[in-house]
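One structure below.
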Amino acid sequence: MSAAHRALFKELLKLTQEQNLQKGKALHATIIRTDSFSNVYLANAIINLYAKCGQLNKAKFAFEQTHNKDEVSWSSIINAHSQNGGPKASFFVMDLFRRMRAENSLPSAHSLAGIFTAASNLGDGCAGKQAP
């Protein structure tokens, strides 16, 4: 990661900790403008920022714009929706899980916790059985 990306990443972590959505949005715009969003670490930090600020739609949008999704990308969006959303968010988590499997991404223990929470919220024992 370049020095510029490291500085942006540190600032995103700080804004997430402070839950400073306004400055986070401004920094997100800067990251897009400077074509830095392709850096998966920055993309994941943006997903996490929006999730921690309760902005699930913005987190989802950032996730969808992330080209090289990794385990952190999947876990961040899955756990944000399983912990902060209602039934609609739980259905979205189950869709994410199916998509994750279709893209040959294996869930970690962290993402599985969110998947199981979503399945539990739906009262869907069958969905939980699908998890590896």
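Start counting the sequence shown at 1; every next residue gets the next number (full-length UniProt numbering).
Just so it is clear, CB atoms sit at the ideal spot from N, CA and C, and this is done for glycine as well.
* **Close Cβ partners of N44 (< 7 Å) along its chain, the five nearest in sequence each way excluded** => Within the sequence shown, residue 44 is the residue found at index 44, counting from 1. Once the five neighbours on either side are set aside, the close Cβ partners of N44 are V72, S73 and S76.
* Any alpha helix (DSSP H) of 4 or more consecutive residues that is wholly inside the region 17-80 -> With a minimum length of 4 residues, the continuous alpha helix (DSSP H) runs that stay inside the region 17-80 are 21-33, 40-52 and 56-65.
* Within this structure, are the beta carbons of H28 and L49 separated by less than 9 Å? -> For the purposes of this step, residue 28 is identified with residue 28 of the sequence shown, where counting begins at 1. For the purposes of this step, residue 49 is identified with residue 49 of the sequence shown, where counting begins at 1. Yes, these two residues count as a Cβ contact at 9 Å.
* Asked: Do you know offhand how far D95's Cα is from L15's?
  -> In the sequence shown, the residue the question calls residue 95 occupies position 95. In the sequence shown, the residue the question calls residue 15 occupies position 15. Spanning the two alpha carbons is a distance of roughly 30 Å.
* To do: Apply the 10 Å Cβ neighbour rule to N39 and answer buried if 16 or more other Cβ atoms are within range, or exposed otherwise.
  => As a working mapping, residue 39 is identified with position 39 in the sequence shown. N39 should be labelled buried.
* Identify which residue in A102, G85 and Q55 has its Cα closest to the Cα of E118. => Stepping through the sequence shown from its first residue, residue 118 is reached at position 118. Per the sequence shown, residue 118 should be read as Ala rather than Glu. Minimum Cα distance to A118 is reached at G85.
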